[in-house]
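Contents: one structure, followed by commentary.
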Amino acid sequence: MKKVIIFALGISVFFACQNKQKSDNQSVAESVAALQPTSDKFPVMQADSQSVDLGVITEGDTIVHIYKFRNTGNMPLVLSNVNASCGCTTPSYSTTPVEPGEQGFIKVKFDSKGKEGKLSKTVTALANTNPAENTFSFKIEVLKKK
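Quick note on numbering: the sequence shown equals residues 38 to 183 in our numbering.
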């Protein structure tokens, strides 16, 4: 009798977990669908400046720049990924949806270790905008360490 009760309890837990998983998957799918742009509802990433000159630094120094942008569209803007053109640049970014009229950010940290001369670097932000790729860039001059 004890085995039957344990078996029945195990089956009910299994089905309860299955229903919860389906419910979670449905809500994720609905959230993703709600953030897909349409012809009348779409986010717009309006950056303060997409290209900047960070000046001159000495080899080995690290510099941080924050690109600020505003969502001037009429639905939430979601950054799904931000990639740098090389390993010397590390990006971080707004991870929550940027509501219409609100401001988001992309922060880049450039490490000049092993670099020298005039350099140009790019950062590409993938979002639910049209087009999906939003490019930011910076120029910097790295002087040889004395």
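Where is the CB? At the ideal position from N, CA and C, for every residue including glycine.
Are the segment 148-163 and the segment 106-120 in contact at 8 angstroms, needing three or more beta carbon pairs?
-> At 8 angstroms Cβ cutoff, the stretches touch.
Nearest-angstrom Cα separation, counted from V145 out to A121 | Translated into the one-based positions of the sequence shown, residue 121 becomes position 84. Translated into the one-based positions of the sequence shown, residue 145 becomes position 108. Straight-line Cα distance between these residues: approximately 9 angstroms.
Taking 9 angstroms as the cut-off, decide whether the C-beta atoms of S28 and K152 are in contact.
-> What is shown of the chain runs 38 to 183, which leaves residue 28 out entirely.
Can you tell me whether N108 is buried or exposed, with buried defined as 16 or more other CB within 10 angstroms of its CB?
-> Walking along the sequence shown from the start, residue 108 turns up at place 71. Buried.
Ends of the beta strand (DSSP E) at A162?
-> As a working note, residue 162 is residue 125 in the sequence shown. Counting along the chain, the beta strand (DSSP E) containing A162 begins and ends at G154 to A164.
Grouping DSSP H, G and I as helix and E and B as strand, with all else coil, what is K182?
-> Within the sequence shown, residue 182 is the residue found at index 145, counting from 1. In the structure shown, K182 adopts coil according to DSSP, grouped into three states.
Going straight from the alpha carbon of V93 to that of K181, what length do you get?
-> Position 56 of the sequence shown, counted from the first residue, corresponds to residue 93. Position 144 of the sequence shown, counted from the first residue, corresponds to residue 181. CA-to-CA, the gap between V93 and K181 works out to about 11 angstroms.
Look at the alpha carbon of C123 and the alpha carbon of F173, and state the distance between them as a whole number of angstroms.
-> For this step, residue 123 is matched to residue 86 along the sequence shown. For this step, residue 173 is matched to residue 136 along the sequence shown. Computed Cα separation, rounded: 13 angstroms.
Going by DSSP, which residues form a beta bridge with F106?
-> If you number the sequence shown from 1, residue 106 lands on position 69. The partner list for F106 (beta bridge, DSSP) reads A84 and G141.
Contact belief for S131 with F142 at Cβ below 8 angstroms, rounded distance in angstroms | Taking the first residue of the sequence shown as 1, we reach residue 131 at position 94. Taking the first residue of the sequence shown as 1, we reach residue 142 at position 105. With a beta-carbon spacing of about 6 angstroms, S131 and F142 fall inside the 8 angstroms limit used to define contacts.
Helix, strand or coil for V115, going by three-state DSSP, please let me know.
-> In the sequence shown, the residue the question calls residue 115 occupies position 78. Looking at V115 - three-state DSSP - the assignment turns out to be coil, as it is neither helix nor strand.
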